[in-house]
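Chains as they are written, first to last, in the working numbering: chain A, 1 to 183; chain B, 184 to 247.
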């Protein structure tokens, strides 16, 4: 798939995650929320995070220049000019799965976005998986303490796949017809 | 001769496709109140991923 198409899918996926959240009328100001690519500005803010995790987010800037990672989606979640979280996901070489490799929020517990980073990330990744016509969103290395939250989102532990969300559950007959018409 | 992809059109079509899906009767939103609350109760700041090196878990120095 051409890089321009992948980039358009990735951006549409980020934008529609914001719109999905806006439609739920939650307690936040939608004008302050943006989802963007992970860039130098994001990494600069991330370097000030007081976090015990080291996911090596700075590597994303290098990965994004390599063709092998063209089909990966990176998400930087900004709220009121503060980097609130980041996500990296990729289908790798799979034709049916998109793997969520990293999700991390800003460790400042006082931020309003604390509970929204994973849902925003998962929404963007699901959108991307749907556009690529994949079947599962798979969490590669879920943090054990977060498992219950993933189950509440509809993820299940599938044999041979892992902690996964089956994208087919979001289709109804109308969707299938719509998607067929798009081909 | 190659055909240049119009990324604006591709993005618009992708958004339209996702909008239709989000309106479907079976669409499950990830912005469920109970799920948001469950994620907000996770004590650590990570939800997925394997640390390159955990070392001292109480090491809270900035990344730089």
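Glycine included, every Cβ here is placed at the ideal spot set by N, Cα and C.
Quick caveat: nothing in here was measured; it's all calculated off a predicted structure.
**Asked** For residue 203/B, which three-state DSSP category applies?
**Response** Of the three classes helix, strand and coil, the one that applies to residue 203/B here is helix, per DSSP.
**Item:** residue 105/A to residue 57/A span [Cα, whole Å]
**Value:** Within the model, the alpha-carbon separation for residue 105/A versus residue 57/A is close to 12 Å.
**Message:** Distance cutoff 8 Å, beta carbons only. Does residue 73/A sit that close to anything in chain B?
**Reply:** At a cut-off of 8 Å between beta carbons, residue 73/A makes no contact with chain B.
**Asked** How close, in whole Å, do the beta carbons of residue 127/A and residue 201/B come, if the pair is a contact with beta carbons under 8 Å?
**Response** About 5 Å separates the beta carbon of residue 127/A from that of residue 201/B, a gap short enough to meet the 8 Å contact definition.
**Message:** My output table needs one value for residue 154/A: the three-state DSSP class, helix, strand or coil.
**Reply:** Per DSSP, reduced to three states, the secondary structure at residue 154/A is coil, with no helix or strand assignment.
**Asked** Rounded to a whole number of angstroms, what is the C-alpha to C-alpha distance between residue 209/B and residue 86/A?
**Response** Using only the alpha carbons, I get a separation of about 28 Å.
**Message:** Could you tell me which whole alpha helix (DSSP H) segments of length 4 or greater appear in the region 55-116 of chain A?
**Reply:** Those alpha helix (DSSP H) runs which fall completely within the region 55-116 of chain A and span 4+ residues are 59-63.
**Three-state class that DSSP yields for residue 227/B in the structure shown** = For residue 227/B, the secondary structure class from DSSP, reduced to helix, strand or coil, is coil.
**Item:** Contacts of residue 45/A in chain B (Cβ-Cβ under 8 Å)
**Value:** Here the premise fails: no neighbours, minimum Cβ distance about 10 Å.
**Item:** Cβ-Cβ distance between residue 143/A and residue 229/B below 8 Å
**Value:** Yes, Cβ-Cβ distance for residue 143/A and residue 229/B is below 8 Å.
**Asked** At a Cβ threshold of 8 Å, is residue 79/A touching chain B?
**Response** It does not: the Cβ of residue 79/A has no partner Cβ on chain B nearer than 8 Å.
**Prompt:** Around the C-beta of residue 98/A, are 16 or more other C-beta atoms found within 10 angstroms, so that it is buried, or is it exposed?
**Reply:** Buried is the call here.
**Message:** Strictly under 8 Å for the Cβ-Cβ distance: is residue 203/A near chain B by that measure?
**Reply:** The first residue shown for chain A is 1 and the last is 183, placing residue 203/A beyond what the model contains.
**Item:** Three-way DSSP call (helix, strand, coil) for residue 144/A in this model
**Value:** Under the three-state reduction of DSSP, residue 144/A is assigned to helix.
**Message:** Whole angstroms are fine: how far does the CA of residue 10/A sit from the CA of residue 191/B?
**Reply:** Rounded to whole angstroms, residue 191/B to residue 10/A spans 12 Å at the Cα level.
**Request:** Tell me, please, whether the region 43-59 of chain A touches the region 152-168 of chain A by the rule of three or more beta-carbon pairs shorter than 8 Å.
**Result:** The region 43-59 of chain A makes no contact with the region 152-168 of chain A; the number of CB pairs closer than 8 Å stays below 3.
**Asked** Do we get a CB-CB distance below 8 Å when we pair residue 141/A with the residues of chain B?
**Response** So, interface residue.
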